[in-house]
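Have a look at the structure below, then the notes.
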Amino acid sequence: MSRHFDLARYLRYLNQAETCRMTGRVVEMIGLLIESEGPPVAAGDLCEIRAPGGRTVRAQVTGFRQGRVLLIPLEEADGLQAGDLVISRPEDARIQAGPHLLGRVLDGFGQPMDGRPLPEGGAPYELYRPPPGPLERKPIREPLVTGIRAIDSMLTCGKGQRIGIFGGSGVGKSTLLGSMAKNHTADVCVIALIGERNREVREFIEHELGEQGLKRSVVVAATSDRPAPLRLRAAYVALAAAECFRDQGKDVLLIMDSVTRLAMAQREIGLANGEPPSQKGYTPSVFNMLPRIFERAGNFEHGSITGLFTVLVEGDDFNEPIADAVRGILDGHVILSRQLGAQGHYPAIDILQSVSRLAAKVAPPGQREAAQRIREALAAFHASEDLINLGAYAAGSNPGLDRAIKLRPLVNEFLRQRPDERTPIEETVARMEQIARS
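In our numbering, the protein residues as written are 471 to 908.
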């Protein structure tokens, strides 16, 4: 069946192949935006602009205006002139994906960044394909183990679920992602590093992900100094790679860091195209883009894509536009608390503010009951924390609060975990049930 599927894919792309190159000419360039007369292209297609001296500048089609094509360069555009030749390359809106991508680090074009060539082969996968329909998805019933006790016990994640990790700068998002990328039980991990600092990419690969984690991962990186369309394209390269492994029947963990910088890249493109700014300057195309990316993850007939999407919260405002929009689309959210981080509590997950909407469907009854009892104890302590710290609470006046105070050190010890520590799910469940019975 898989051979028939691959053959059909190749035949479809063969029918779409261009037999001749369509060309146009640059007529105007203002800021980031290049306008050309022709060629006939579609939004999202790539074009080559032939600059003087034989230099080639790749650009992406972002829209149309009064019969002209609007392009934003993916490389330095210095030296371009009016009248330069524009050549359409619609075939570049796909990548050759396959097992040969494992252990490799790619850029936004899908080309290797690690100095080694990619071997030939792989199937062509569209970057900008629409998300699967609702009836193409299977119910999520099987848990995905991350190796992180706080998540596996209290915020159980299912295969095919989409979860957001929300937090301000410096609260441990990248460290948490690195731990999950090493310790998960999925078959393959695809990691998209969007808008990261150049320094952080190598540090993440070598220190957070590690050699063993990289062997079963594909990393796609587009740093903050790269043009906005290339940062956006890197996210779609990661999605196409994840869909390739999913079609092979594998369970894929897709990590995207961060959605906020992805939204900022789309905002740059929208403003350059003349879109009106709305909430905090974000254009309407940003909020149109988010569900089209998130909905490509899910549980399907053959394989699954579990999505972990980080959101960099500006000023620790968890109700800012991007955080609010993402929280409404995804199947759960993990809130990282700066206060817990300042206390040396790693991972700094605020259990009471976090939720997994599918935990009740993927966790066994005993685990759900234990998680609920621990959550109730945390909530009771939090509600009276000021009284307890002031010494105004008299022991014995509230049995529920007495129990919460007793469990507090046990729960904190259970939820704390070193970045290099992995806990099997059997040990996690046994420990949490023991705490719940205390």
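C-beta atoms are modelled at their ideal positions from N, C-alpha and C, and glycine is treated no differently. For clarity, every value in this text was computed on a predicted model and none was experimentally measured.
Taking the CA atoms as reference points, Gly648 sits about 30 Å from Pro835.
The beta carbon of Phe779 sits closer than 6 Å to the beta carbons of Gly634, Met726, Val729 from its chain, once the five residues preceding and following it are set aside; these are given in chain order. In this structure, Ala710 lies near Leu597, with their beta-carbon atoms less than 7 Å apart. Between the region 652-669 and the region 823-832, the count of Cβ pairs shorter than 8 Å is below three; the stretches do not touch. Looking only at Ala853, Gln736, Arg808, the smallest Cα-Cα distance to Ser639 is reached by Arg808. Pairing Leu806 with Val641 gives a Cβ-Cβ distance under 7 Å. Here Tyr706 is not bridged, per DSSP, to any residue.
When DSSP states are grouped into helix, strand and coil, Gly573 belongs to the coil group. Annotation for Gln530: no alpha helix (DSSP H) segment contains it, though the beta strand (DSSP E) segment containing it runs 526-535. With at least 16 other beta carbons inside 10 angstroms of its own, Ile739 counts as buried. Gly630 and Glu498 have their C-alpha atoms spaced approximately 45 Å apart. Remark: C-beta atoms of Glu505 and Val527 do not approach each other more closely than 7 Å. Excluding five sequence positions before and after Ala521, the CB atoms of its chain that fall closer than 7 Å to its own CB belong to Val527, Gly549, Leu550, Asp554, given in chain order. Cα atoms of Ser694 and Ala735: separation of roughly 9 Å, rounded to the nearest angstrom. Going by C-alpha positions, Ile858 is about 52 Å away from Arg574.
Around the Cβ of Leu605, a 10 Å sphere holds fewer than 16 other Cβ atoms; the residue is exposed. In the DSSP assignment, Asp786 falls outside any alpha helix (DSSP H) and carries neither an H nor an E. Ranked by how close their Cα comes to the Cα of Ile621, the residues Met902, Arg907, Ser908, Pro754 have Met902 in first place. Taking a C-beta distance under 7 Å as the contact criterion, Arg495 and Ile557 do not qualify as a contact pair. In the DSSP assignment, Tyr595 forms a beta bridge with Ile565. Annotation for His570: Leu588, Pro589, Gly591, Gly592 place their beta carbon closer than 8 Å to its own, counting only its chain and skipping 5 residues before and after.
Each residue's CA atom was taken as its position, placing Glu896 and His677 some 27 Å apart. Here Gly578 carries a coil assignment [DSSP, helix/strand/coil].
Apart from sequence neighbours up to five positions away, the residues of its chain that approach Leu700 with a beta-carbon distance below 7 Å are Leu544, Gly578, Ala692, ordered along the chain. Around the beta carbon of Gln530, 16 or more other beta carbons sit within 10 angstroms, so the residue counts as buried.
The straight-line gap separating the alpha-carbon atoms of Arg762 and Pro600 is approximately 7 Å.
Relative to Gln536, the option among Asn743, Phe884, Pro747 whose CA is nearest is Asn743.
In this model, Gln581 and Glu673 are separated by some 20 Å (Cα to Cα).
Residue pairing by DSSP puts Asn769 in a beta bridge opposite Ser774. For Asp727, the uninterrupted beta strand (DSSP E) segment begins and ends at 721-727. In the same chain as Met624, and ignoring 5 residues on each side of it, the C-beta atoms closer than 6 Å to its own belong to Ile821, Ala841, in chain order. Three or more beta-carbon pairs drawn from the region 713-725 and the region 761-776 are found closer than 8 Å, and the two stretches are therefore classed as touching.
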